[in-house]
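Visitor:
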């Protein structure tokens, strides 16, 4: 891949080879070469929260519970701390890097792959649980 | 800041998070032991830069992104078993004004 020499430009749009990747799940430690910057043609359209709740049911309580446990573990929170579906990652002390780690941990736990654009829209535990069940349903 | 539910990320921030995500994905394909090492080093590196680098130093951030992507490409190579093969630098950024 050619190195772009863009001296003098403070903000630049990188020209990367577009890569089309379609996958529904990553099993175990085996993973194909995935470009972190490539544009993915497969994308999940996130509906506004109110509409989503009307059309499809909210995530099952067990999914929310599982997400809560993973978030606690990922953020090294005491077992006594309360994490609910309403908990915001930011309120729990997660910065943007922590949130990336949480999403990655959720991917492995549920055996799915979460698109980056979708991942960036996750702000609460409920958001994560809803998205996970949406992805699981589509892949089944 | 009374922003909406999701924090609004600048384009550059998204690139950083995307790169971080890429490293975590690449680490998955390595052995369990190497993976732990990789994740630990990557986490430290990103967090250190998050603290040390001026967020308005766009040129330096772009440099770090380019370097990071090269390192990520190396890490994705199946022949790369661990970070000892990578040329990670630990020197502090000297371009702080």
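Chains as they are written, first to last, in UniProt numbering: chain L, 1 to 140; chain S, 1 to 97.
Every residue, glycine too, gets a C-beta built ideally from N, C-alpha and C.
1) Chain S beta carbons: is any one of them nearer than 9 Å to that of residue 74/L?
2) Would you say residue 71/S faces chain L, with C-beta separation under 9 Å as the test?
3) In this structure, how does DSSP classify residue 88/L when only helix, strand and coil are distinguished?
4) Suppose the cutoff is 7 Å on Cβ atoms and the five residues either side in sequence are ignored; what does the same chain contact list for residue 39/S look like?
5) Can you find the residues in the same chain that come closer than 8 Å, C-beta to C-beta, to residue 10/S, ignoring five residues on each side of it along the sequence?
6) In chain L, what lies closer than 9 Å to residue 24/S by C-beta?
7) Out of 97/L, 82/L, 135/L, 126/L, point me to the one whose CA is closest to residue 113/L's CA.
8) Check the DSSP bridge columns for residue 124/L and list the partner residues they point to.
9) Give the secondary structure of residue 25/S by DSSP, where H, G and I count as helix, E and B as strand, and everything else as coil.
10) Is there a C-beta anywhere in chain S that falls below 9 Å from the one on residue 129/L?
11) Mind listing the chain L neighbours of residue 17/S? Cutoff is C-beta to C-beta under 7 Å, in chain order.
12) Residues of chain L with a CB under 8 Å from the CB of residue 20/S: which are they?
Guide: According to the data block:
1) As a position in the first chain, residue 74/L is number 74, starting the count at 1. Not an interface residue.
2) Taking the first residue of the second chain as position 1, residue 71/S is located at position 71. Residue contact check for residue 71/S against chain L: no CB pair falls below 9 Å.
3) Taking the first chain and counting its residues from 1, the one referred to as residue 88/L is at position 88. Strand, per DSSP.
4) The residue given as residue 39/S occupies position 39 in the second chain. 24, 27, listed in sequence order.
5) Here residue 10/S corresponds to residue number 10 of the second chain, with the count starting at 1. Taken in chain order, the list of residues that qualify is empty.
6) Stepping through the second chain from its first residue, residue 24/S is reached at position 24. Under the 9 Å cutoff, chain L gives 100, 101, 104.
7) Counted from its first residue, the first chain places residue 113/L at position 113. Comparing Cα positions, the closest option is 135/L.
8) As a working note, residue 124/L is residue 124 in the first chain. The partner list for residue 124/L (beta bridge, DSSP) reads 88/L.
9) Here residue 25/S refers to the residue found at position 25 when the second chain is read from its first residue. In this structure, residue 25/S counts as helix in the three-state DSSP scheme.
10) To locate residue 129/L, count along the first chain from 1; it is residue 129. No, its Cβ sits nowhere closer than 9 Å to a Cβ of chain S.
11) Residue numbering aside, residue 17/S sits at position 17 when the second chain is read from its first letter. Correct list: 96, 100.
12) For the purposes of this step, residue 20/S is taken as residue 20 along the second chain, with counting starting at 1. Those are 97, 100, listed as they occur along chain L.
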